[in-house]
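K.L.:
Numbering (the numbering used here), first residue to last: 8 to 63.
(1) Buried or exposed, going by whether 16 or more other CB atoms sit within 10 Å of the CB of residue 57?
(2) For residue 15, which residues does DSSP report across the bridge?
(3) One question on the structure: do residue 8 and residue 42 come within less than 8 Å of each other, judged by their Cβ atoms?
(4) Between the Cα of residue 20 and those of 59, 54 and 60, spot the shortest distance and give me the residue it belongs to.
(5) Mind checking residue 25: buried by the 16 CB within 10 Å criterion, or exposed?
Below, the structure written as structure tokens:
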């Protein structure tokens with residue numbers, strides 16, 4: 008079976024929205040891991056890397 012994969016880097020507060028939106032489009036969450044990015048003011052912003060798959 009073949010799959011299409013999608014990777015999204017999401018701010019921590021938006022993870023549920025991203026998962027719900029893609030779930031409605033038949034994407035399945037494969038894994039998620041926490042990360043961080045730095046904004047323009049050198050502040051660390053907590054993020055989550057989400058990896059989804061969908062059957063082709």
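Think of the CB as a built atom: it goes at the ideal place given N, C-alpha and C, for glycine as much as any other residue.
P.N.:
Once the coordinates are examined:
(1) Here residue 57 refers to the residue found at position 50 of the chain shown. By the neighbour-count rule (16 or more Cβ atoms within 10 Å), residue 57 is buried.
(2) Taking the first residue of the chain shown as 1, we reach residue 15 at position 8. Looking at the DSSP assignment, residue 15 forms a beta bridge with 57.
(3) Along the chain shown, read from residue 1 onward, the residue named residue 8 stands at position 1. Along the chain shown, read from residue 1 onward, the residue named residue 42 stands at position 35. Contact: no.
(4) Along the chain shown, one-based indexing puts residue 20 at 13. Cα-wise, what sits closest to residue 20 is 54.
(5) Within the chain shown, the letter at position 18 stands for residue 25. Classification for residue 25: buried.
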